[in-house]
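**Student:**
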Amino acid sequence: MNPTAIEGHLKLVLLQWMVIIAVAWVMGRLARKVGQPLAVGEIAGGLLLGPSVLGALWPEGMHGLFPAETQQSLQLLAKLGLILLLFQVGIEFDFGHLASRSRTVTAVSLAGIIAPMLGGLLIGPWLHRTFAPETPRLGFQLFICIALSISALPIMGRILLELKLERTVLGAMAVSSAAIDDVIGWILLAVATALVTSGFDVSKLAFQVVGVTALFIVLLKLIGPWLRQLWRKWTTAEQPLPPGFLALLLIVLFACCLATAKLGVFSIFGAFLLGVALHQETGLVRAWREKFADFVLVALVPIFFTNTGLRTEIGALQNSTAWLGCAAVMAVAVVGKLGGCWLGARLTGQTNREAACVGALMNTRALMGLVAINIGLELGLLTRELFTMFVIMALLTTVMCTPLLRWWLPAEFRKLLPKD
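Residues in the sequence shown are numbered from 152 upward in steps of one, following my numbering.
#1: Is the distance from the Cβ of Ala-343 to the Cβ of Leu-392 below 7 angstroms?
#2: Helix, strand or coil: how does DSSP classify Thr-155 here?
#3: Determine, using beta-carbon pairs with one atom in the stretch 278-295 and one in the stretch 484-504, whether at least three such pairs fall under 8 angstroms.
#4: State the start and end residues of the unbroken alpha helix (DSSP H) segment that holds Pro-305.
#5: For Pro-188, I'd like the list of residues in its chain whose CB is within less than 6 angstroms of its CB, leaving aside the five on either flank, ordered along the chain.
#6: Which value, in whole angstroms, describes the spacing of the CA atoms of Pro-569 and Thr-319?
#7: To which residues of the same chain is Phe-294 closer than 6 angstroms at the C-beta, ignoring the five residues directly before and after it?
#8: Does Glu-432 pass the burial test, meaning 16 or more other C-beta atoms within 10 Å, or should it be called exposed?
#9: Can you give the beta carbon distance from Gly-520 to Ala-545, rounded, assuming they're within the 8 angstroms contact cut?
#10: Do the stretch 333-340 and the stretch 295-308 meet, that is, are 3 or more Cβ pairs less than 8 angstroms apart?
#11: Would you kindly check if the distance between the Cβ of Ile-274 and the Cβ of Ala-479 is under 7 angstroms?
#12: Ordered along the chain, which non-local residues of its own chain (more than five positions away) have a Cβ less than 6 angstroms from that of Gly-362?
#13: Rounded to a whole number of angstroms, what is the C-alpha to C-alpha distance between Ile-242 and Thr-281?
#14: From Phe-420 to Val-334, what does the alpha carbon distance come to, in whole angstroms?
#15: Terminal residues of the continuous alpha helix (DSSP H) containing Ala-388?
#16: With DSSP run on the structure shown, which of helix, strand or coil describes Ser-134?
#17: Go to Asn-514, then tell me how far its alpha helix (DSSP H) extends in each direction, as first and last residue.
#18: Measure the CB-CB distance between Ala-517 and Ile-306 and report whether it falls below 7 angstroms.
#19: With Lys-230 as the anchor, note down where its alpha helix (DSSP H) starts and where it stops.
#20: Tell me the rounded alpha-carbon separation between Leu-555 and Thr-548.
#21: Between the alpha carbons of Phe-367 and Leu-425, how many angstroms are there, rounded?
#22: Do Leu-435 and Trp-377 have their CB atoms nearer than 7 angstroms?
#23: Under 6 angstroms Cβ to Cβ from Gly-271, same chain only, skipping five residues before and after it: list those, please.
#24: Considering Ser-565, what are the terminal residues of the alpha helix (DSSP H) in which it resides?
#25: Helix, strand or coil for Phe-455? Go by DSSP, reduced to three states.
#26: Determine the DSSP secondary structure at Glu-432, reduced to helix, strand or coil.
#27: Does the separation of the CB atoms of Val-326 and Val-509 fall below 7 angstroms?
#28: How many angstroms separate the CA atom of Ala-444 from the CA atom of Thr-472?
#29: Where does Val-185 sit, in a helix, a strand or coil, going by DSSP?
#30: Taking the alpha-carbon of Leu-261 as reference, which of Thr-155, Lys-566, Ile-543 and Leu-498 has the nearest alpha-carbon?
#31: So what does DSSP say about Pro-569, is it helix, strand or coil?
#32: As a quick exercise: from Leu-200, Arg-557 and Pro-561, pick the residue whose alpha carbon is nearest that of Val-185.
#33: Can you tell me whether DSSP reads Val-204 as helix, strand or coil?
#34: For Thr-584, count neighbouring C-beta atoms within 10 Å of its own C-beta (all shown protein chains included) and say buried if the count is 16 or more, exposed if not.
#35: Roughly how many whole angstroms lie between the Cα atoms of Gln-390 and Val-486?
#36: Name the residue from Leu-316, Pro-202, Gln-222 and Thr-255 whose alpha carbon lies nearest to the alpha carbon of Leu-560.
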């Protein structure tokens, strides 16, 4: 690409970025007005800019603003934003509470996988027979189970941050359970992909599990303490995040992303694991937040939402059978995830309200669910009707989260909520 072409490409990407930030900002504030987190408005903004709304009302305008040649640039910016967000989610949470709550985290995470998968096994055969009889049955069934069991760790993190619950026992339990569920979900998604494309490989699955576990132990026991020690040595009152340390931190962050990508568990989990390994250093957490948090949330994360909206077309379901299928997917998703996680928390001694709040948080699918759904479409495991049903499910479970949290939150946590 010659310099003139690069300049033209850059101008178009900058224009897109301006529009994305503006729409996300406005829609996020509108969402706040109706008691929803910023993320819900930003997702809606992404859908507004995509084929579901702008493309339907003014297709020439949408394709003029978001031509095919800039898609890779937007995808790259979106991935970088998600990496920084997951690092921020990991570093913001206080997991010190979990020593006495490990039974709950284990029970909630297992219930959050098993119960939705059982629901997927229940409705999968009917969905396959009614809406996708031409697709491979085994691959279809496995994918349905995975799509129902995945949580949205980044959006859950943002909701907790916005509600000032990020360093509470409740927040730590939910994000830890979601992290376990999402790792399992993404590994199973990789298995489903392998099943469809090249057959099931047990050795690869074992390698992924062992590799991620080993990486986390190394980060927790070696890399994390080393970085925290260096930060304490290099930091000053004038420079709470020295340039030299920042350079080293970014190098380690990207290396962790490369490691998990190499393991086949997506780069964002490397960022999250490194954040968890550094969360004990509250001064470092505060310095990162003051320097980068707003930029990540305002400028980068909305690109991810918009990029997904550009690839998501929510068309009307054509008949009563399709709407019945949509209702079935929604009911099984909520009962399996929210109900299963509530039961896991209750069986390990949590109060009814605490268990319900954990279930509401775990029930959030948002864009992690949408990413999985798009993979299913690309693999040929979902028809357009089924794709629409699962998109609606992912969005509605996200919209449900904050109202349910405010309704069920125990009194000792309610006082932490921001005054709107």
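C-beta atoms are modelled at their ideal positions from N, C-alpha and C, and glycine is treated no differently.
**Tutor:** So, to answer that:
#1: no
#2: helix
#3: With a cut-off of 8 angstroms on Cβ pairs, the stretch 278-295 is not in contact with the stretch 484-504, counting fewer than three such pairs.
#4: 304-313
#5: Ile-310, Glu-313 and Thr-553
#6: Using only the alpha carbons, I get a separation of about 15 angstroms.
#7: Ala-343, Gly-527 and Leu-532
#8: With 16 or more Cβ atoms within 10 Å of its Cβ, Glu-432 is classed as buried.
#9: 4 angstroms
#10: yes
#11: yes
#12: When the five nearest sequence neighbours on each side are left out, the beta carbons in the same chain lying within less than 6 angstroms of the beta carbon of Gly-362 are those of Leu-414, in order along the chain.
#13: 45 angstroms
#14: CA-to-CA, the gap between Phe-420 and Val-334 works out to about 8 angstroms.
#15: Segment: none, Ala-388 is in no alpha helix (DSSP H) and carries neither H nor E.
#16: Because the chain is modelled from 152 through 571, residue 134 falls outside the range shown and cannot be assessed.
#17: For Asn-514, there is no enclosing alpha helix (DSSP H), as DSSP gives it neither H nor E.
#18: yes
#19: 222-243
#20: 11 angstroms
#21: 8 angstroms
#22: no
#23: Ile-295, Cys-296 and Leu-299
#24: Reading off the sequence, residue 565 comes out as Arg, not Ser. Note, Arg-565: alpha helix (DSSP H), 562-565.
#25: Collapsing the DSSP output to three states places Phe-455 in a helix.
#26: The answer is coil: DSSP assigns Glu-432 none of H, G, I, E or B.
#27: no
#28: 45 angstroms
#29: coil
#30: Closest in alpha carbon position to Leu-261, among Thr-155, Lys-566, Ile-543 and Leu-498, is Leu-498.
#31: When secondary structure is reduced to three states using DSSP, Pro-569 falls in the coil class, being assigned neither helix nor strand.
#32: Arg-557
#33: coil
#34: The requested residue 584 does not occur in the structure, where the chain is confined to residues 152 to 571.
#35: Cα-Cα distance, rounded: 50 angstroms.
#36: Taking each of Leu-316, Pro-202, Gln-222 and Thr-255 in turn and checking the Cα distance to Leu-560, the smallest one comes out for Leu-316.
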